[in-house]
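Asks: Got a structure here, written out as structure tokens. Questions coming.
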Amino acid sequence: MAGAYAGITVKLGNWSSGAFTNLYICTTCGYIEIYVEDDADLPKIAERWPARNGRSE
């Protein structure tokens with residue numbers, strides 16, 4: 053599977069605070085996968101962006 057890597061962040065506070073993610077895009081089929089680079093950031097993301105009615109919005 054050929055693809056390209058890029059990075060984005062999930063905002064956790066002010067402009068300089070964010071959790072880094074990795075983004076994989078398959079150039080063959082267009083499949084996109086985003087995952088958090090450091091598992092230690094997951095609780096911070098959950099606190100900053102809580103689920104609503106069982107869904108993240």
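Just so we're aligned, residue 53 is where the sequence shown starts under the working numbering, counting upward by one. We treat Cβ as the ideally placed atom computed from N, Cα and C, and that holds for glycine.
At what residues does the beta strand (DSSP E) containing E85 begin and finish?
Replies: On the sequence shown, position 33 is the one that residue 85 refers to. Segment I84 to V88, the beta strand (DSSP E) holding E85.
Asks: Confirm, please, whether the CB-CB distance from Y76 to E89 is below 8 Å.
Replies: Within the sequence shown, residue 89 is the residue found at index 37, counting from 1. Within the sequence shown, residue 76 is the residue found at index 24, counting from 1. Against a cut-off of 8 Å, the Cβ pair of Y76 and E89 comes out as no contact.
Asks: Could you compute how far the alpha carbon of I97 sits from the alpha carbon of A103?
Replies: Along the sequence shown, read from residue 1 onward, the residue named residue 97 stands at position 45. Along the sequence shown, read from residue 1 onward, the residue named residue 103 stands at position 51. Cα-Cα distance, rounded: 10 Å.
Asks: Check L94 in the structure and name its three-state DSSP category.
Replies: What you label residue 94 is simply residue 42 of the sequence shown in a count that begins at 1. Reduced to three states, the DSSP call for L94 is helix.
Asks: Throw me the rounded Cβ distance for the A71 and D91 pair, which I believe falls under 8 Å.
Replies: As a first step, residue 71 must be located in the sequence shown, where it is residue number 19. As a first step, residue 91 must be located in the sequence shown, where it is residue number 39. In fact, because the Cβ distance is near 10 Å, the residues do not count as touching under 8 Å.
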